[in-house]
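Using the numbering used here, the final residue of the sequence shown is 325, and nothing's skipped along the way.
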Amino acid sequence: MAGKPFPNRSRLAALAKAMPKIDLHYHLEGGVRPETLASITGNPDIGEIRRQLTVPAGCRSLSQFLKRFDYVTPLLRSPRALSMAAQAAMAEAAAQNLCYLEVRFAPAYLATPEMDVPGAIAAVLDGLDQGSRRWGIPAAAILTLGLTTPVEENEAILRAALPWLGSGLAAVDVAGPEGEISLAAQASALALARKLGFPLTLHAGEAAPASAIARAVELDARRIGHGTSLWQNKPLMERLARQKIGLEMCPTSNFQTRAIRSWEEYHIREYFDAGIPVTICTDDPAISGITLTGEYLLAMTELGFTPEEMKQMVLYGIQMSFASRTMKQSLQNRVEQAFACLEF
Ligand SMILES: [Zn+2]
C-alpha cells in the first residue's frame, strides 16, 4: 500500500512554523541578534553589526566560526547586556514556537573586574526568568566551561555556580576548539562538576573523531553536543542508543564549521534509525544567520525527515532535557496535543 505523499515545500514550511519546538543547544553569546546588540551597545548601524557577527559564506573551520565570538562576547560583559540578551532569547523562543529552551553561556569569557562570575550568572538567570514569565515558556541555563580555560579557573567557576544548581542552572557543558585540545584536559573539573551534582552535556565529535565522543561518555555525559563523527564507531552508536544518551545536532552550524561538507555526509538519519535520541538545535542562530524553524524545515527538505519523525525528535528533546520529571510530562502532553492539531 502506498504511503501518504510527502507534503510539498510550502506545506512543510507552514508545518515547520506551526510545530511546537525545543532547543537544547543554544549559546547565549551566539544567539543574540544584531537588533538586540544595537540596543545593548547604542550603535544604530545594524548592517555593520550583522557583518561583524554573522559567519562568512566561505567559513572553513570550527576555529574560524568561533572567531565570531571574539566580536560579540566583549559586548555582553555587563549585567544589563546579559539580561537583555537572555530576555531576547526568550522573545525569540516565543516567535519560533518553542515549548522549552535551554540556554548555555560561558562566564569565563563574560566576567570582568566589575562583574564577577556570580554577577554574570545572576544577570543571565534574571533575564531568562523575566523572559520566561513574559512569554510563558519554561527555560533553564547550562554553564559552559571553556575547553582551553585553566582547570583551576573552571573549578572555581563551578564552586561559584553551585548556589544556582536546580534554581535556574541545570547542567554543565564544555566547549572550545576540540580539534586542538582534548576533553581529557578538563577531566578533573568535570569530576568536580559531577561531585557537586551537575549533570553533563559535552561538545564532542564536532571537529574530532568518534574517540572524542567515547571520552565524553566516559566522563559521564548524559548528552553530546553535535556528535557528527559518531558514525565512525558502531559499537559506540549502539551504546548511545542503549543508554539513551542524546545527540544535540545543529545542521547549519555543523555545515558551516565543516564538521560535514555535504548533507550526504550528515549521519543524522543513521543515528535516528539506530534509536539514538536525536534532537535538532540551533547552536548559534545569530552567528549562523538561522532560526530553529528554518532548521526544522531543512531537516524535512534536505535530510528527509517526515513531520511525524520531527515530532519524535521534539519528544526526544523533552526526554533528554534537564527539566524535572513533572515538567517533562507537562511538556510532552502539550506537544502531543499541538501535533494532534496539525494535519500532515
Ligand atoms: Zn555549541
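Backbone N, C-alpha and C fix where the C-beta goes; we use that ideal spot for every residue, glycine too.
### Task
Please report how far the alpha carbon of Ile3 lies from the alpha carbon of Arg140, in whole angstroms.
Rounded to whole angstroms, Ile3 to Arg140 spans 29 angstroms at the Cα level.
### Query
Tyr7 by DSSP, collapsed to three states: which one?
Looking at Tyr7 - three-state DSSP - the assignment turns out to be strand.
### Test: Gly186 CB closer than 8 angstroms to a CB of chain C
In summary, chain C is missing from the structure at hand, where a single protein chain is found.
#### Entry: Given Gln313 as reference, the closest of Ala38, Pro55, Cys80 and Gly23 once Cα atoms are compared
Just measuring C-alpha positions, the residue of Ala38, Pro55, Cys80 and Gly23 sitting nearest Gln313 is Cys80.
### Task
Express the C-alpha separation of Asp265 and Ile30 in angstroms, rounding to a whole number.
Their backbone Cα atoms lie some 15 angstroms apart in a straight line.
### Message
Here's the rule I'm using: 16 or more other beta-carbon atoms within 10 Å means buried, otherwise exposed. How should Ala256 be labelled?
### Response
The displayed chain sequence assigns Gly, not Ala, to residue 256. Gly256 comes out exposed.
### Query
Regarding Ala189 and ligand 1, is the C-beta to nearest heavy atom distance less than 7 angstroms?
Ala189: no, Cβ never under 7 angstroms from ligand 1.
### Query
Taking the beta strand (DSSP E) that Thr125 falls in, what are its first and last residues?
From DSSP, the beta strand (DSSP E) with Thr125 extends over Ala120 to Gly127.
### Task
Report the rounded CA-to-CA distance for Asn214 versus Ala19, giving the unit in angstroms.
Roughly 45 angstroms separates the two Cα atoms.
### Task
Assuming Phe46 and Thr238 form a contact by the criterion Cβ under 8 angstroms, report the distance between their Cβ atoms to the nearest whole angstrom.
Indeed, because the Cβ distance is near 5 angstroms, the residues count as touching under 8 angstroms.
### Message
Please determine whether the Cβ atom of Asp4 lies at a distance below 7 angstroms from any heavy atom of ligand 1.
### Response
For Asp4, the shortest separation between its Cβ and any heavy atom of ligand 1 does not lie below 7 angstroms.
### Query
Can you round the beta-carbon distance between Ile226 and Leu211 to whole angstroms, since I take them to be within the 8 angstroms contact cut?
In fact, because the Cβ distance is near 10 angstroms, the residues do not count as touching under 8 angstroms.
### Task
Tell me, please, which residues DSSP counts as bridged to Phe253.
None, per the DSSP bridge assignment.
### Task
Please find out if some non-hydrogen atom of ligand 1 comes closer than 7 angstroms to the beta-carbon of Gly208.
No, ligand 1 has no heavy atom inside 7 angstroms of this Cβ.
### Contact test: Asp51 Cβ vs ligand 3 heavy atom, cutoff 7 angstroms
As for ligand 3, it is missing from this structure, which binds only ligand 1.
### Message
Rounded to whole angstroms, what is the Cα-Cα separation between Thr125 and Pro37?
### Response
When rounded, the distance between both Cα atoms is 25 angstroms.
### Task
Could you tell me which of Ile162, Ser169, Leu177 and Ala166 sits nearest to Gly147, measuring between CA atoms?
Comparing Cα-Cα distances from Gly147 to each of Ile162, Ser169, Leu177 and Ala166, the minimum goes to Leu177.
#### Entry: Residues of its chain near Tyr247, where Cβ-Cβ distance is below 6 angstroms and the 5 sequence neighbours each way are ignored
Answer for Tyr247: Ile241, listed in chain order.
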